[in-house]
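Working notes, structure below.
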DNA sequence: AAGACGGGGCG
DNA sequence: CGCCCAGTCTT
């Protein structure tokens, strides 16, 4: 298993953010005990009843934290429950095939997470009999464990007093400290250090979850509900009169528009599908053969060429089926879908696979392919 | 430091 | 339709 470079020293902080002491009140920042007790009291009274808060199993907590990466709680709940039912322990997960894991992950996005979780489970079972390391530092060596997930699992499952910084916490603390404009790295270090001091409690896991819950329920984007906040009295952002000013947003990148085409070939009761390479976009997922348009190329030509390159089959267009639009985080695609038929074969061996409609439903497919599959299997 | 990596929900 | 979300990994 690959080793990851150790993270930078988090102790060193810059003073390019506004420190509480620089405000009018010298005792602006309340004591860690007061902050923690107010936060945890609020959490105890207002926490949502989420499935991963009903367990102390490190495996279950780990799965929830990975699913929650860049994914909203409401979306994760159903996936989490189904995943834990399918793979109840780290050993079950390790013994599963990757395509079974991907099928459970289908529709959740960021499929590298599913590969990492699978790889990690196999590593743990083979190297430590399925037991997790219990410190943030050791956890961060595992695949799919970055700074956030390592701290989250270490604190929630094992009680280690380390802060977990996610988008919620960054937003909450940016407001609470009223950080002045600085590089994201500098702001992160400042928040990390502050929270490490505030984490004077034996409920480290609850403290971290409370911070995130506060961000999700009260200190929300774009405007916080300061009247509901347990620490609003000492919040520099609220004192500034415009807590919604944080965090500062970076300029959005332009999303390129991409055109692509693919073909549906149905013959002798079976559909032709291809699997995407394991690494890269939508790695390991299945789709209908095709490809992106090259310059000055028609969708029909791209469709036929894509099928030939991906499967070795020479196809002809029968009729246009539909057009599917799909937006990714960094580009947008318009996919033209054709009904095709086989008119010949090349000598190069293809990698296509023929599947029945039943098997088609069992495959983990890309978003666009799922739309096409739905249309084929559930015609209106 | 910046870009790749998904998808659904919300105003 | 643009913005956001319990981030990680690669370059």
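In the working numbering, the protein residues as written are 2 to 381.
Glycine residues also receive a C-beta, built at the ideal position from the N, C-alpha and C atoms.
7 Å Cβ shell around residue i - same chain, five flanking residues per side excluded
| i | result |
| --- | --- |
| residue 197 | 164 |
| residue 199 | 33, 36 and 37 |
| residue 88 | 94 and 97 |
| residue 26 | Low confidence applies to residue 26: its pLDDT is 32, below 50, so where it sits in the model is not reliable, and the reading given next is rough at best. None. |
| residue 238 | 176, 177, 179, 244 and 247 |
| residue 219 | 225, 226, 229 and 230 |
| residue 357 | 270 and 271 |
For residue i, the first and last residue of its enclosing alpha helix (DSSP H)
| i | result |
| --- | --- |
| residue 34 | 33 to 47 |
| residue 251 | Residue 251 -> no alpha helix (DSSP H), and no H or E assigned at all. |
| residue 121 | 113 to 129 |
| residue 169 | 168 to 178 |
| residue 100 | 99 to 106 |
| residue 233 | Counting along the chain, residue 233 falls outside any alpha helix (DSSP H), and DSSP gives it neither H nor E. |
| residue 63 | 59 to 68 |
| residue 150 | 148 to 159 |
| residue 95 | 91 to 96 |
| residue 138 | 137 to 140 |
| residue 238 | 237 to 240 |
Secondary structure of residue i, DSSP reduced to three states
| i | result |
| --- | --- |
| residue 222 | coil |
| residue 73 | coil |
| residue 367 | coil |
| residue 271 | strand |
| residue 263 | strand |
| residue 258 | strand |
| residue 183 | coil |
| residue 84 | helix |
| residue 208 | helix |
| residue 375 | helix |
| residue 203 | coil |
| residue 194 | helix |
| residue 55 | coil |
| residue 361 | helix |
| residue 144 | coil |
| residue 165 | coil |
| residue 216 | helix |
| residue 245 | helix |
| residue 380 | coil |
| residue 28 | A caution first: residue 28 carries a pLDDT of 38, below 50, which makes its placement in the model unreliable, though a value can still be read off. Note: residue 28 maps to coil in three-state DSSP. |
Contact check, residue i vs residue j, beta carbons under 7 Å
| i | j | result |
| --- | --- | --- |
| residue 317 | residue 342 | yes |
| residue 365 | residue 340 | no |
| residue 192 | residue 213 | no |
| residue 325 | residue 369 | yes |
| residue 172 | residue 216 | yes |
| residue 122 | residue 91 | yes |
| residue 1 | residue 335 | The structure shown does not extend to residue 1, since the chain spans only 2 to 381, so no value can be given for it. |
| residue 156 | residue 211 | no |
| residue 151 | residue 161 | no |
| residue 59 | residue 133 | yes |
Limits of the unbroken beta strand (DSSP E) element including residue i
| i | result |
| --- | --- |
| residue 339 | 333 to 346 |
| residue 355 | 354 to 356 |
8 Å Cβ shell around residue i - same chain, five flanking residues per side excluded
| i | result |
| --- | --- |
| residue 375 | none |
| residue 362 | 374 and 378 |
| residue 185 | none |
| residue 309 | 315, 316 and 347 |
Same chain only: Cβ atoms within 6 Å of residue i, ignoring 5 sequence neighbours per side
| i | result |
| --- | --- |
| residue 77 | 68 and 69 |
| residue 43 | 231 |
| residue 103 | 115, 285 and 365 |
| residue 236 | 177 |
| residue 258 | 333 |
| residue 14 | Summary for residue 14: the model assigns pLDDT 32, below 50, so the residue's position carries little reliability; its value from the coordinates is reported in the next sentence. These residues qualify, in order along the chain: 190, 191 and 194. |
Distance cut-off 6 Å: residue i Cβ against heavy atoms of the ligand NAP
| i | result |
| --- | --- |
| residue 302 | For the ligand NAP, the structure offers nothing, since it holds no ligand at all. |
In chain order, each alpha helix (DSSP H) run of at least 4 residues that lies wholly inside the region 268 to 329
The alpha helix (DSSP H) runs of length 4 or more contained entirely in the region 268 to 329 are, from start to end of the chain, 300 to 312.
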